[in-house]
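Engineer: Quick one: the structure is below, and I'll ask about it shortly.
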């Protein structure tokens, strides 16, 4: 049943947008409807710029202090989705996009998905990471280990002390 929701949404959403265009066009006129669509696209671009830079600043601050930037990253993704929904023509998508620009709505979305995310950081950037919880008994993940050797520090053998028969075919 869950697998049918997304295809139905993609089928029904354009039909609902067309119905909304017809309803709004009948109430306020065609010219005003087109102006509203244009205004919502401009508002989406402006809001993306304003709130996007704010989220980028918060992500930078979190990475500098070594705290978990997961919330800010999800907020950034939601802001990009909101701007996309405002830029594409449609009144229903505009309403959803405007709702996603409200920080309280984004916090609600964050609270719904934060337990399903795993944030893993690499490098010497800071002390934040949200991996498997040791209290739940899941073992920590280990990444691949790389051993860097020079050419004279190893030899190819087949495990019985003999050299690899393909070694003679390789160019040196």
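Residue numbers (our numbering): 74 to 245. Virtual Cβ for every residue (Gly too), placed ideally from N, Cα, C.
Pick out the complete alpha helix (DSSP H) segments inside the segment 94–135, 4 residues or longer, and give them in chain order.
Structural biologist: The qualifying runs do not exist here; there are none.
Engineer: Smallest Cα separation from residue 95: which of 140, 153, 117, 163?
Structural biologist: Per the Cα distances, 163.
Engineer: Tell me, please, whether the segment 152–168 touches the segment 115–127 by the rule of three or more beta-carbon pairs shorter than 8 Å.
Structural biologist: Short answer: they touch.
Engineer: With distances taken between CB atoms, is the gap from residue 151 to residue 129 smaller than 9 Å?
Structural biologist: No.
Engineer: Expressed to the nearest angstrom, what Euclidean distance is found between the alpha-carbon atoms of residue 142 and residue 135?
Structural biologist: Residue 142 and residue 135: Cα-Cα distance of roughly 6 Å.
Engineer: From 89, 78, 191, 188, pick the residue whose C-alpha is nearest to that of residue 168; which is it?
Structural biologist: Ranking 89, 78, 191, 188 by Cα distance to residue 168 puts 89 first.
Engineer: Does the beta-carbon of residue 218 have 16 or more other beta-carbons within 10 angstroms, so that it is buried, or is it exposed?
Structural biologist: Exposed, because fewer than 16 other Cβ atoms sit within 10 Å of the Cβ of residue 218.
Engineer: Can the beta-carbon of residue 101 be found closer than 9 Å to that of residue 111?
Structural biologist: Taking 9 Å as the Cβ cut-off, residue 101 and residue 111 do not qualify as a contacting pair.
Engineer: Would you kindly check if the distance between the Cβ of residue 113 and the Cβ of residue 165 is under 9 Å?
Structural biologist: No. Outside cutoff.
Engineer: Let me make sure I understand the geometry here. Which of 81, 171, 133 has the alpha-carbon closest to that of residue 116?
Structural biologist: Nearest option by C-alpha distance: 171.
Engineer: Going by C-alpha to C-alpha distance, which of 221, 105, 131 sits closest to residue 148?
Structural biologist: That would be 131, whose Cα lies nearest to the Cα of residue 148.
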